[in-house]
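See structure below.
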Amino acid sequence: MTRVRVVSELSYLEVFRILKGESPVASTTKKHVQSPWGGFVFVLPSILAMAVFVYGMIGWTLKISFSHLNSSDSTDNSFAGLKNYRDLFQDSDFTHAFSNLLKFTGVFLIGTLISGLIMALLLEKGIKGEGFFRSIYLYPMAISFIAMGTSWRWLMDSARDKDGTGLNSIFHMAHLDFLQNDWYTSERGAMFAIALPAIWQMSGYVMALFLAGFRGIPDDLREAARVDGASEYKIYRHILFPQLKPTFLTVLIILGHISMKVFDLIYGIASKSYVTKVLAIYMWQVIFDIQDFAKGSAIAIIILLCIAVVVIPYLAYVNKTEEMK
Amino acid sequence: MSSQLVDRVLTKDIKMNAKRKLNGNEQFFLVFKYFSLVILAIIAALPIYIMVINSVKGITGVTQSAAFVPPTHLNFDAWGPVWEQMKVPMGRTAFFVIQSSIISAIIGSINGYVFAKWKFKGSTFIFTTFLFGMFIPYQAIMIPLTQFNQWAHLGGSIYVLVFAHVIYGIPICTLIFRNYYAGIPNELIEAARVDGAGMVRIFRTIILPLSIPGFVVVLIWQFTSAWNDFLFAIFLTGGSPNLAVATTALNFITGSGNQVYYGNNMTASLIVSIPTLLVYMFLGRYFLRGLLSGSLKG
Numbered sequence: 033m034t035r036v037r038v039v040s041e042l043s044y045l046e047v048f049r050i051l052k053g054e055s056p057v058a059s060t061t062k063k064h065v066q067s068p069w070g071g072f073v074f075v076l077p078s079i080l081a082m083a084v085f086v087y088g089m090i091g092w093t094l095k096i097s098f099s100h101l102n103s104s105d106s107t108d109n110s111f112a113g114l115k116n117y118r119d120l121f122q123d124s125d126f127t128h129a130f131s132n133l134l135k136f137t138g139v140f141l142i143g144t145l146i147s148g149l150i151m152a153l154l155l156e157k158g159i160k161g162e163g164f165f166r167s168i169y170l171y172p173m174a175i176s177f178i179a180m181g182t183s184w185r186w187l188m189d190s191a192r193d194k195d196g197t198g199l200n201s202i203f204h205m206a207h208l209d210f211l212q213n214d215w216y217t218s219e220r221g222a223m224f225a226i227a228l229p230a231i232w233q234m235s236g237y238v239m240a241l242f243l244a245g246f247r248g249i250p251d252d253l254r255e256a257a258r259v260d261g262a263s264e265y266k267i268y269r270h271i272l273f274p275q276l277k278p279t280f281l282t283v284l285i286i287l288g289h290i291s292m293k294v295f296d297l298i299y300g301i302a303s304k305s306y307v308t309k310v311l312a313i314y315m316w317q318v319i320f321d322i323q324d325f326a327k328g329s330a331i332a333i334i335i336l337l338c339i340a341v342v343v344i345p346y347l348a349y350v351n352k353t354e355e356m357k
Numbered sequence: 063m064s065s066q067l068v069d070r071v072l073t074k075d076i077k078m079n080a081k082r083k084l085n086g087n088e089q090f091f092l093v094f095k096y097f098s099l100v101i102l103a104i105i106a107a108l109p110i111y112i113m114v115i116n117s118v119k120g121i122t123g124v125t126q127s128a129a130f131v132p133p134t135h136l137n138f139d140a141w142g143p144v145w146e147q148m149k150v151p152m153g154r155t156a157f158f159v160i161q162s163s164i165i166s167a168i169i170g171s172i173n174g175y176v177f178a179k180w181k182f183k184g185s186t187f188i189f190t191t192f193l194f195g196m197f198i199p200y201q202a203i204m205i206p207l208t209q210f211n212q213w214a215h216l217g218g219s220i221y222v223l224v225f226a227h228v229i230y231g232i233p234i235c236t237l238i239f240r241n242y243y244a245g246i247p248n249e250l251i252e253a254a255r256v257d258g259a260g261m262v263r264i265f266r267t268i269i270l271p272l273s274i275p276g277f278v279v280v281l282i283w284q285f286t287s288a289w290n291d292f293l294f295a296i297f298l299t300g301g302s303p304n305l306a307v308a309t310t311a312l313n314f315i316t317g318s319g320n321q322v323y324y325g326n327n328m329t330a331s332l333i334v335s336i337p338t339l340l341v342y343m344f345l346g347r348y349f350l351r352g353l354l355s356g357s358l359k360g
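These protein sequence lines are chains A and B, in that order. Per our numbering: the first sequence = residues 33 to 357. Per our numbering: the second sequence = residues 63 to 360.
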């Protein structure tokens, strides 16, 4: 078992070495070329850029969020403590946007994970026409949300029956009238509806990640299980899925952070509509319409924190496995 | 490494069904599989299908009740006026996107080279701090960035977007190139060092000639994300019509209040999507490689 895995992790260069009859070991004992300063000098400009424009500016946003800059003509830069954050949690628009975002994240994560996994499972063993299906599933990643918003707005139009367009008219024609609904304008289901385009957009990406995961598992593992008489279901359940744990983790991190900052997708379809308001949209309103920079910064910091609590441990884990290599 | 990941995704040939007669169960299962694949493909294609068929029905020929019905004859009436509206913003977008992608790729290749092959003390940690920049919500830097923009008087020109996409593209471009260069054997570099070549010379004579696929991946990635970007564009240009880019101009056309002109809206959305779709169609493999590189672990 372990031997098989080791083989799968060989790079193709190492495989070439084996094919040429050489030992693959020589290149696996990596000696990194050490140079004390040469490399550092070349990345220094980027390090400075990251320090100023990522970390410095996050710090600056944090500072604004602790200030009294609550209107466009305010110059009161003094320290306000957590006032803006406290105000936010009293603000019904904020709590509304936050709970919308949590709903959206739940639906989007589960929906995308399931549909991406189904696509990958269907294609995973190799099937005629695979390239065609893969390309169709993945093309949404290449188009902007603002452009796709036009189509989706139409598909999810709330008019019904004879006046219906889009999905409602399809349901009407198929005599599935109970499926007709108000989509992203409905009071209760708006976040579910607005998650559909997001699922549509990201499923292909998740499929690609899972396909890569499946195909990283050596065929011998399946063959061995089959010889032992395991059913297909058991092979997936006990052999393949456990091997995909890192892929699941990656997918969750990617989808999760995309979900927390979702902006164009919702803006492109529903603009600033109340029922689909999430944190990023609310922040945009606070900054541009109300010009409350302190409050806007506080919202931004909250989005950042939501992402950081998940991403920082993940990066620490990646960093650790990287150093172990 | 991401290139191997892509090979994994792309080169699984049909070993399973190779010319073996399938039994009844397996045949049924295969039909079921294709059925599901086709249903999923129809769902995936629906939004772009609507866009395409409704863009060739003319300006007034688009009715909601016939939204899914293909046109009886092709009518490109909507294309002319929409193109008149969109050509300047799209040209402007092309202008800045090409520059920002090239600069990003150059910076990324230098960084990637150092982080993969010339590690210094703390370089892994620094690289990880770069990666965090990939995950941050741009909202968290947007207010200081607009202030910086005003302070540095960048706001009046399109170069503010070149600047933003270059700076915030550093993490992903560095990551893609680092993963790419990690696949180049260290022996190659050591041999060159024995021959007396230094860091810069090795980069120029050995690494760069091998980098073309890496450049294609990064250029495509930066092109697609900058072309489709809305957040930076709307914040940094403040919605000024003199600086309208593809997405902001499109949003101006299709935004609420203008939703009666379906033919125009669909056509404009399609026209804006054509450049990235063409890139996807012809260089899909490299696009996929960029996507998988973004997943960090490969």
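C-beta atoms are modelled at their ideal positions from N, C-alpha and C, and glycine is treated no differently. Nothing here was measured: the structure is a model prediction, and the numbers come from that model.
For A/G138, which residues from the same chain have a beta carbon less than 6 Å from its beta carbon, with the 5 sequence-adjacent residues on both sides left out?
A distance below 6 Å between beta-carbons, with the five flanking residues on each side excluded, links A/G138 to no residue of its chain.
Excluding the 5 residues preceding and the 5 following B/S166 in the sequence, name in chain order all residues of the same chain whose CB lies nearer than 6 Å to its CB.
Correct list, in chain order: V228, G231, C235 and Q284.
Whole angstroms are fine: how far does the CA of B/A308 sit from the CA of A/Q275?
Each residue's alpha carbon lies about 43 Å from the other.
Thinking just about the alpha-carbon of each residue, which of B/G346, B/N327, B/L108 and B/V159 is nearest to the one in B/Q147?
Taking only the C-alpha atoms, the option nearest B/Q147 is B/N327.
Amino acids of chain B, ordered along the chain, whose beta-carbon sits closer than 8 Å to that of A/E355
What A/E355 touches in chain B: T186.
If you measure between the beta carbons of B/I110 and B/R154, is that distance less than 7 Å?
For B/I110 and B/R154, no; Cβs fall outside 7 Å.
What's the C-alpha gap between B/L438 and A/I298?
With chain B covering only 63 through 360, there is no way to say anything about residue 438 of chain B.
Endpoints, the alpha helix (DSSP H) within which B/T191 is located
Element bounds for B/T191: S185 to F197.
Near the ligand FAD: B/L270 beta-carbon under 6 Å from a heavy atom
The ligand FAD is not part of this structure, which contains no ligands at all.
Contact with chain A by B/W145, beta-carbon distance below 7 Å
Cβ-Cβ to chain A under 7 Å: no for B/W145.
Residues within the region 280-293 of chain A neighbouring chain B, beta-carbon criterion of under 7 Å
So the list reads T282, I286, H289, M292 and K293, given in the order they occur along the chain.
Using DSSP with H/G/I as helix, E/B as strand and the rest coil, what is A/K135?
DSSP places A/K135 in helix when its eight states are reduced to three.
According to DSSP, is B/F97 helix, strand or coil?
Helix at B/F97.
Starting from A/A227, trace the alpha helix (DSSP H) in both directions and tell me its first and last residue.
Per DSSP, A/A227 belongs to the alpha helix (DSSP H) from A222 to G248.
Does any residue of chain A bring its CB to less than 7 Å from the CB of B/W180?
By this cut-off, B/W180 is an interface position.
Quick check on DSSP: helix, strand or coil for A/K304?
Coil, per DSSP.
Within 7 Å (strictly less), CB to CB, does B/F292 reach chain A?
Chain A contact via Cβ: present.
Give the DSSP-derived three-state secondary structure of B/N137 in the structure shown.
Three-state DSSP puts B/N137 in a strand.
Who pairs with A/S364 in a beta bridge, going by DSSP?
Chain A is shown only over 33 to 357; residue 364 of chain A falls outside these bounds and no answer can be derived.
Residues in the region 72-93 of chain A having any Cβ partner in chain B nearer than 7 Å
Listed in sequence order: F72, F74, V75, S78, I79, A81, M82, F85, V86, M89, I90, W92 and T93.
Measuring alpha carbon to alpha carbon, tell me which residue in A/A348, A/V342 and A/S329 is nearest A/W92.
Nearest to A/W92 by alpha-carbon distance, out of A/A348, A/V342 and A/S329, is A/S329.
Would you kindly work out how many angstroms separate the C-alpha atoms of A/H128 and A/G248, rounded to a whole number?
Answer to the nearest angstrom: the Cα atoms are 43 Å apart.
With a threshold of 7 Å between beta carbons, is B/P206 in contact with chain A?
Yes, contact with chain A.
Would you kindly report the start and end of the unbroken alpha helix (DSSP H) that includes A/K352?
Counting along the chain, the alpha helix (DSSP H) containing A/K352 begins and ends at F325 to M356.
Please state whether the Cβ-Cβ distance between A/L199 and A/L187 is less than 7 Å.
Yes; because the gap between Cβ atoms is below 7 Å, this pair is in contact.
Anything in chain B within Cβ reach of A/F177, meaning under 9 Å, just list it in chain order.
Per Cβ cutoff of 9 Å: N290, F292 and T309.
Take B/D139 as the anchor and find which of B/G123, B/V256 and B/A128 has the nearest alpha-carbon.
Ranking the options by Cα distance to B/D139, first place goes to B/G123.
Within 7 Å of any Cβ in chain A, is that where the Cβ of B/Y242 sits?
Output row for B/Y242: interface = no.
Leaving aside the five residues before and after A/T61 along the sequence, list all residues of the same chain whose C-beta is less than 7 Å from its C-beta, in chain order.
Below a pLDDT of 50, predicted positions are generally treated as unreliable, and A/T61, at 39, falls in that range; the measurement from the model is reported next regardless. Taken in chain order, the list of residues that qualify is empty.
B/S98 at chain A interface by Cβ criterion, 7 Å
Yes, contact with chain A.
State the Cα-Cα distance for the pair A/T308 and A/A302, rounded to the nearest angstrom.
Their Cα atoms are separated by approximately 7 Å.
Quick one: list the residues of chain B neighbouring A/Y237, beta-carbon separation under 7 Å, in chain order.
Going along chain B in sequence order, the residues near A/Y237 (Cβ under 7 Å) are L353.
Helix, strand or coil for A/K160 per DSSP?
Judged by DSSP in its simplified three-state form, A/K160 adopts coil rather than helix or strand.
Over the uninterrupted alpha helix (DSSP H) stretch that includes A/E219, give me the two end residues.
Run containing A/E219: none; DSSP gives neither H nor E here.
At least 3 beta-carbon pairs within less than 8 Å: the region 226-240 of chain A vs the region 158-177 of chain A:
Contact holds: three or more Cβ-Cβ distances are below 8 Å.
Element boundaries [alpha helix (DSSP H), containing B/L207]:
Per DSSP, B/L207 belongs to the alpha helix (DSSP H) from Q201 to W213.
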